[in-house]
Amino acid sequence: MTSLFVQAQSTLNIPKELPTTFENSFTFPLGSKILIELKENTNGSYDYKVLKIENIEDYYSLDEDKNLFDSDPKENTVELFFMGAYYNDGSKDSDWKTVLILRNNSKKHINYKADIKYYYSDVFENTSIVGAFPGTNTTEIWAHKIDFITLYDFKNFK
Numbered sequence: 006m007t008s009l010f011v012q013a014q015s016t017l018n019i020p021k022e023l024p025t026t027f028e029n030s031f032t033f034p035l036g037s038k039i040l041i042e043l044k045e046n047t048n049g050s051y052d053y054k055v056l057k058i059e060n061i062e063d064y065y066s067l068d069e070d071k072n073l074f075d076s077d078p079k080e081n082t083v084e085l086f087f088m089g090a091y092y093n094d095g096s097k098d099s100d101w102k103t104v105l106i107l108r109n110n111s112k113k114h115i116n117y118k119a120d121i122k123y124y125y126s127d128v129f130e131n132t133s134i135v136g137a138f139p140g141t142n143t144t145e146i147w148a149h150k151i152d153f154i155t156l157y158d159f160k161n162f163k
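Sequential numbering from 6 applies to the sequence shown in the numbering used here.
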C-alpha cells in the first residue's frame with residue numbers, strides 16, 4: 006500500500022531555459038536561489054514562471070539570520086532560497102539542516118504545496134508548509150538533507 010503523501014515523479018520539471026512559461030509546478034535542486042512570478046487565475050489559484058535561478062555555493066547560518074532578499078523587489082514575485090544551513094558553528098551533525106527561505110512580494114496571503122526528496126530516498130514526499138503573508142519572510146526547516154523540492158498549487162490563503 007502506498008502512502009497518500011508519496012508522489013511518484015518520473016520526470017523532474019527542472020527549468021532549463023529562463024524565463025519559463027507559466028505552469029503549476031517546477032522542481033528545484035538544493036543550492037538554488039530562485040525568483041518566480043505569480044499569475045493569478047480566475048479561481049484564486051496561481052500559475053508561476055521561473056524568472057531566474059542561481060546556484061548557491063555557501064551555507065546559511067541560522068544564528069546570523071542575515072537578509073538575503075532584494076532591496077527593491079518586483080511586485081507579484083516570490084524570492085526563494087533552497088539551501089543547506091546550520092546552527093551554532095556547524096561542528097555537530099545535528100547542527101545541519103535544509104531550509105527554504107522565501108519572501109512573498111505579492112499583495113495577497115498565499116499558500117502552496119511542496120514535495121521533497123530526501124537524499125536517502127528515491128521518492129518525493131509531501132511536506133507541510135506554513136504559507137506566506139504579503140511582504141514577509143518565511144523559513145521552512147527540515148532536519149535532513151533534501152536533494153530536490155517541487156513547489157506547486159499556489160493559491161490565495163482562505
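Backbone N, C-alpha and C fix where the C-beta goes; we use that ideal spot for every residue, glycine too.
Assigned secondary structure, Ser66 (DSSP; H/G/I helix, E/B strand, else coil): The residue labelled residue 66 in the question sits at position 61 within the sequence shown. Ser66 falls in the strand class under three-state DSSP.
Check whether Leu1 and Thr82 have beta carbons under 9 Å apart: Residue 1 lies beyond the stretch modelled for the chain, which goes from 6 to 163, so this question has no answer here.
Per-residue DSSP class, three states only, for Asp52: Residue mapping note: residue 52 aligns to position 47 of the sequence shown, counting from 1. Looking at Asp52 - three-state DSSP - the assignment turns out to be strand.
Closer than 9 Å to chain B by CB, Trp101: The chain inventory of the structure shown lacks chain B, comprising one protein chain alone.
Residue of Glu42, Lys38, Pro34, Asp77 minimising C-alpha distance to Pro24: Your numbering for residue 24 matches position 19 in the sequence shown. Looking at the Cα atoms, Glu42 is the closest of the given residues.
Beta-carbon spacing of Gly49, Lys163 below 9 Å: Translated into the one-based positions of the sequence shown, residue 49 becomes position 44. Translated into the one-based positions of the sequence shown, residue 163 becomes position 158. Going by C-beta atoms, Gly49 is nearer than 9 Å to Lys163.
Whole-angstrom C-beta distance between Val135 and Thr141, which should lie under 8 Å: Within the sequence shown, residue 141 is the residue found at index 136, counting from 1. Within the sequence shown, residue 135 is the residue found at index 130, counting from 1. Not a contact, Cβ separation roughly 11 Å.
With 16 other Cβ atoms within 10 Å as the buried cut-off, status of Ala90: Position 85 of the sequence shown, counted from the first residue, corresponds to residue 90. So Ala90 counts as buried.
Beta-carbon proximity check, Phe129 vs Phe87, cutoff 9 Å: Indexing the sequence shown from 1 puts residue 129 at position 124. Indexing the sequence shown from 1 puts residue 87 at position 82. No, the pair does not count as a contact, with Cβ atoms beyond the cut-off.
Beta-carbon proximity of Leu40 to Leu73, cut-off 9 Å: Sequence index remark: in the sequence shown, residue 40 carries index 35 (1-based). Sequence index remark: in the sequence shown, residue 73 carries index 68 (1-based). For Leu40 and Leu73, no; Cβs fall outside 9 Å.
Asp152 in three-state terms, based on DSSP: For the purposes of this step, residue 152 is identified with residue 147 of the sequence shown, where counting begins at 1. DSSP places Asp152 in the strand class (E or B) of the three-state scheme.
Terminal residues of the beta strand (DSSP E) in which Ala137 lies: By one-based count along the sequence shown, residue 137 stands at place 132. Element bounds for Ala137: n/a, residue is neither H nor E.
Rounded C-alpha distance that separates Asn116 from Asn93: What you label residue 116 is simply residue 111 of the sequence shown in a count that begins at 1. What you label residue 93 is simply residue 88 of the sequence shown in a count that begins at 1. If I take the Cα positions, the gap works out to 31 Å.
Cβ shell of Asp100 (< 8 Å), same chain only, five flanking positions each side left out: Indexing the sequence shown from 1 puts residue 100 at position 95. Tyr91, Tyr92, Asn93, Asp94.
Per-residue DSSP class, three states only, for Thr144: One-based indexing of the sequence shown puts residue 144 at position 139. Reduced to three states, the DSSP call for Thr144 is strand.
8 Å contact criterion, which Phe31 and Asn18 should meet: CB distance rounded: Residue 31 sits at position 26 when you count from the first residue of the sequence shown. Residue 18 sits at position 13 when you count from the first residue of the sequence shown. With a Cβ gap of about 5 Å, Phe31 and Asn18 count as contacting.
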